[in-house]
C-alpha cells in the first residue's frame, strides 16, 4: 500500500482496489480513507468506469466471436442439410424413374425359377421370324400366362420364313430369352422341380439324349451378330434375347446362336442344355441361361415319357 | 459413474480449450450445450427468446472470464454453473426492470456473480464510451488493456503474452496505453 497522503495516487493500488484484488483488511482501510476524501472517491469512480468500459469491450468482443462461431456452425449445418436434401432428392428421382420405367414396361423383375411350375409363354410376334422364342415365367399358382403351358399343351407351329442361303427348309428362327436362375437349388436338369428328369450326355457341342430308345442330338453353335441374315433383327424387349437359328436334323436339332459378343470355344464346350418340358429347354453357357420354346418339341418324336441317359 | 466421467471429460475439454485460447469452439460448445435449459428458464420467467439468448451469451462469457482469470474452481458441472449464472443474471435484470420476480426464485448464492461496484457499472453510459474509445486505440495497446482489465492477467503473464522483457516493462506500457485511451476519451 502507498505511503502517500491519498492512496488513489498510487496507480497500482488503485488498479488492485478497483479490480477487487486486495485483502479484506486492506480494502477496509482504504474504504475508511475514501469516506473522508471526495477527490479520492471521484478518482476511484473514474477508474471503475475505465475498467468497466474495457471489460465491456472485452465481453462484446467475445460475444461477437461466439455469434460468428454459431453462424459458421449454422451455415455448415445448413450445407450438411442441403447435401442430405440433395441426396434424398436424387434418390427420390431415381426411385421415381425406376417405378415409372417398371410400370411403363421398361423394367421387369428378374425371372425366378424357384417354383415347381414353369410356364412357357409365346413371345411377341416377330414379323420377320418364322417362329418365336419364348419367355419363361415363374407361376406359383400354375397360372397359364401364355398360349401353352408346361403340362403338354402344344405351341402353334412355326410358319416357314424366307431362309437365307444355305439354310435347310426345316429350319426356323427363334428368339431365345436370357433368364435369371438362382444359383442354388433347382437349376440342374435333374432337379425334381423340373417336369422332366434331366440326364443327358455331351460330346463337344453335341448333346445326346436317349428318348424311348431313340437317340436325339442337339448341336450348339454360334455366329456373330453381323452375320445375321437381313430382316432377322433382334426385337426390343424387356428381356435380353438371342436370335437363334433352329434346324431340324435327322437326329434332332441344331441351335445356332447369333450374338454380338461370341462365347469362347471353351465356354461352348462347357455349356449344358437343360430340358424343361418336352417343348422347352434352357441353354446354359457360363452364367447365361437362354430359354427356348421349340414349337413341336425339341425331340424328333415327342413323347409323354422321356428319358435322358448318358451315351 | 460412467456418465459423470463422461461429463467430467467434456467439461475438462472445454476448460482446456478456454485456457488454450480456443474461444470459438469452447464458447460455441458451451452455448449449444446449455441453450435449451437456459432458454426454457428465461422464457418461463417473463422473458423473451431474445432475452434468453442474451442471458445465455452473458453467462457463457462470465464463465469464460472466470476461467481465464484463474478465479474458476471446478465444484460442479459446467452446465450447473452456467445455469446458476444465467438465473442470477436474469433475476437481477428482472429486478432492474421492476418486473415481478417469479415466486421461489432465489438468487443462487452458491454461484454468485461478482456484485462489485465494477460490475454494476458495466452497462453505464460512461463504460460504453470507454468501450467505444478503446476500439480507436492501436492493437497492441488495446490488447494490453484488455489483458489487464478484462482478463485480469498478472503483469508477468502479460509480459510473456505480449513479448515484453518483464513485468516492469508491461507495467510501463500499460501506463502509456491507459494515458492514450484517456486522451481519446477527453477528445470525445
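Residue numbers (my numbering), protein chains in the order written: chain A, -10 to 300; chain B, 1026 to 1213.
The beta-carbon is built from N, C-alpha and C at its ideal position, and this holds for glycine as well.
This one's a predicted model, so the numbers in the text were calculated from it and none came from an experiment.
C-beta contact flag for residue 37/A and residue 1143/B at 9 Å
Translated into the one-based positions of the first chain, residue 37/A becomes position 48. Translated into the one-based positions of the second chain, residue 1143/B becomes position 118. Yes; because the gap between Cβ atoms is below 9 Å, this pair is in contact.
From residue 246/A to residue 91/A, what does the alpha carbon distance come to, in whole angstroms?
Looking up residue 246/A in the first chain gives position 257. Looking up residue 91/A in the first chain gives position 102. Distance between residue 246/A and residue 91/A, taken at the CA atoms: about 29 Å.
Beta-carbon spacing of residue 1041/B, residue 1102/B below 9 Å:
By 1-based counting over the second chain, the position of residue 1041/B is 16. By 1-based counting over the second chain, the position of residue 1102/B is 77. Not in contact: residue 1041/B and residue 1102/B (Cβ atoms no closer than 9 Å).
Under three-state DSSP, which class holds residue 246/A?
Counting from one through the first chain, the residue named residue 246/A turns up at place 257. If DSSP states are grouped into helix, strand and coil, residue 246/A belongs with the strands.
Under 8 Å Cβ-Cβ, which residues of chain B neighbour residue 49/A?
Stepping through the first chain from its first residue, residue 49/A is reached at position 60. Listed along chain B, the residues sitting closer than 8 Å to residue 49/A by beta-carbon distance are 1156.
On the CB-based measure, 16 or more other CB atoms within 10 Å of its CB, does residue 48/A come out buried or exposed?
Indexing the first chain from 1 puts residue 48/A at position 59. Residue burial is scored here from C-beta neighbours: residue 48/A has at least 16 other C-beta atoms within 10 angstroms and is therefore classed as buried.
Is residue 62/A helix, strand or coil when you go by DSSP?
Here residue 62/A refers to the residue found at position 73 of the first chain. If DSSP states are grouped into helix, strand and coil, residue 62/A belongs with the helices.
Strictly under 9 Å for the Cβ-Cβ distance: is residue 8/A near chain B by that measure?
Numbered from its first residue, the first chain carries residue 8/A at position 19. At least one chain B Cβ lies under 9 Å of residue 8/A.
Start and end residues, alpha helix (DSSP H) containing residue 165/A
As a first step, residue 165/A must be located in the first chain, where it is residue number 176. Going by DSSP, residue 165/A is part of no alpha helix (DSSP H) but of the beta strand (DSSP E) stretching over 160 to 168.
Quick one: grab the DSSP three-state call for residue 1094/B.
Mapped onto the second chain, residue 1094/B falls at position 69. Reduced to three states, the DSSP call for residue 1094/B is coil.
Starting from the beta carbon of residue 1147/B, find every residue of chain C whose beta carbon is closer than 9 Å, and list them in chain order.
The question asks about chain C, but that chain is absent: this structure's protein chains are A and B.
Proximity of residue 1087/B and residue 1043/B at Cβ, strictly below 9 Å:
The count along the second chain starts at 1 and reaches residue 1087/B at position 62. The count along the second chain starts at 1 and reaches residue 1043/B at position 18. It is not a contact, given that the beta carbons lie outside the stated cut-off.
Residue 14/A - containing alpha helix (DSSP H), residue span
Sequence index remark: in the first chain, residue 14/A carries index 25 (1-based). Residue range 13 to 24 is occupied by the alpha helix (DSSP H) that includes residue 14/A.
Checking contacts by CB at 9 Å: is residue 0/A closer than that to chain B?
Mapped onto the first chain, residue 0/A falls at position 11. Yes - at least one Cβ of chain B is within 9 Å of the one on residue 0/A.
If I measure Cβ to Cβ from residue -3/A and keep anything under 7 Å in the same chain, skipping five residues before and after, which residues do I get?
Here residue -3/A refers to the residue found at position 8 when the first chain is read from its first residue. For residue -3/A, where only same-chain residues beyond five positions count, the Cβ hits under 7 Å are 3, 29, 32 and 33.
To the nearest angstrom, report how far apart residue 1166/B and residue 1159/B are at their CA atoms.
For the purposes of this step, residue 1166/B is identified with residue 141 of the second chain, where counting begins at 1. For the purposes of this step, residue 1159/B is identified with residue 134 of the second chain, where counting begins at 1. Each residue's Cα considered, the two are about 9 Å apart.
Tell me, please, whether the CB atom of residue 1118/B is closer than 9 Å to any CB atom in chain A?
As a first step, residue 1118/B must be located in the second chain, where it is residue number 93. By this cut-off, residue 1118/B is not an interface position.
Between the CA atoms of residue 89/A and residue 242/A - distance to the nearest angstrom
Position 253 of the first chain, counted from the start, is the residue given in the question as residue 242/A. Position 100 of the first chain, counted from the start, is the residue given in the question as residue 89/A. Their Cα atoms are separated by approximately 41 Å.
Among 250/A, 231/A, 252/A and 286/A, which residue has its Cα nearest to the Cα of residue 280/A?
Along the first chain, read from residue 1 onward, the residue named residue 280/A stands at position 291. It is 231/A.
Pairwise C-alpha distance: residue 81/A and residue 127/A:
Stepping through the first chain from its first residue, residue 127/A is reached at position 138. Stepping through the first chain from its first residue, residue 81/A is reached at position 92. Note that residue 127/A scores 34 on pLDDT, short of 50, meaning its location in the model is unreliable and no value can be drawn from it.
Around the C-beta of residue 27/A, are 16 or more other C-beta atoms found within 10 angstroms, so that it is buried, or is it exposed?
Counting from 1 along the first chain, the entry for residue 27/A is found at position 38. By the Cβ neighbour-count rule, residue 27/A is exposed, with fewer than 16 other Cβ atoms within 10 Å of its own.
Looking at C-alpha atoms only, which residue of 208/A, 285/A and 167/A is the closest neighbour of residue 303/A?
Any answer about residue 303/A is impossible in this case: the structure gives chain A only from -10 up to 300.
Mind checking who residue 264/A pairs with in its DSSP beta bridge?
For this step, residue 264/A is matched to residue 275 along the first chain. The partner list for residue 264/A (beta bridge, DSSP) reads 270/A.
Do three or more CB pairs link the stretch 57 to 66 of chain A to the stretch 1088 to 1099 of chain B at distances below 8 Å?
no
Which bits of chain A does residue 1152/B rub up against, with CB to CB less than 7 Å?
As a working note, residue 1152/B is residue 127 in the second chain. The answer, in chain order, is 38, 41, 42 and 45.
Give the C-beta separation of residue 238/A and residue 165/A to the nearest angstrom, bearing in mind that I take them to be a contact with Cβ-Cβ under 8 Å.
Position 249 of the first chain, counted from the start, is the residue given in the question as residue 238/A. Position 176 of the first chain, counted from the start, is the residue given in the question as residue 165/A. No, residue 238/A and residue 165/A are not in contact; Cβ-Cβ is about 18 Å, not under 8 Å.
Between residue 208/A and residue 85/A, what straight-line distance do the alpha-carbon atoms span, to the nearest angstrom?
Residue numbering aside, residue 208/A sits at position 219 when the first chain is read from its first letter. Residue numbering aside, residue 85/A sits at position 96 when the first chain is read from its first letter. Spanning the two alpha carbons is a distance of roughly 45 Å.
CB-CB under 6 Å to residue 1067/B, same chain, minus the five flanking residues each way: which ones, in chain order?
As a position in the second chain, residue 1067/B is number 42, starting the count at 1. Same-chain partners within the cutoff: 1076, 1077, 1080 and 1115.
Cα separation between residue 13/A and residue 23/A?
Position 24 of the first chain, counted from the first residue, corresponds to residue 13/A. Position 34 of the first chain, counted from the first residue, corresponds to residue 23/A. For residue 13/A and residue 23/A, the distance between alpha carbons rounds to 15 Å.
In whole angstroms, what separates the C-alpha of residue 1039/B from that of residue 1201/B?
Locating residue 1039/B in the second chain gives position 14, counting from the first residue. Locating residue 1201/B in the second chain gives position 176, counting from the first residue. Each residue's alpha carbon lies about 35 Å from the other.
Just to confirm my understanding: we take residue 1199/B, look at its own chain, exclude 5 residues before and 5 after, and list those with CB closer than 8 Å. What are they?
Reading the second chain from its first residue, position 174 is the one you call residue 1199/B. Excluding residues within five positions, the ones whose Cβ falls inside 8 Å are 1169, 1170, 1173, 1180 and 1183.
With respect to the alpha helix (DSSP H) encompassing residue 237/A, which residues constitute its N-terminal and C-terminal limits?
The count along the first chain starts at 1 and reaches residue 237/A at position 248. Counting along the chain, residue 237/A falls outside any alpha helix (DSSP H), though it belongs to the beta strand (DSSP E) covering 229 to 237.
Inter-residue Cα distance where the pair is residue 257/A and residue 87/A:
For the purposes of this step, residue 257/A is identified with residue 268 of the first chain, where counting begins at 1. For the purposes of this step, residue 87/A is identified with residue 98 of the first chain, where counting begins at 1. For residue 257/A and residue 87/A, the distance between alpha carbons rounds to 35 Å.
Kindly indicate if chain A contains any beta-carbon less than 9 Å away from that of residue 1070/B.
The sequence position of residue 1070/B within the second chain is 45, counting from 1. Chain A, which has no Cβ nearer than 9 Å to the Cβ of residue 1070/B, makes this no.
Output the distance between the C-alpha atoms of residue 45/A and residue 1203/B, rounded to the nearest integer angstrom.
Walking along the first chain from the start, residue 45/A turns up at place 56. Walking along the second chain from the start, residue 1203/B turns up at place 178. Straight-line Cα distance between these residues: approximately 16 Å.
If you scan the stretch 1036 to 1097 of chain B from start to end, which runs of the alpha helix (DSSP H) of 4 or more residues do you find wholly inside it?
Segments of the alpha helix (DSSP H) lying fully in the stretch 1036 to 1097 of chain B: 1048 to 1069 and 1074 to 1093.
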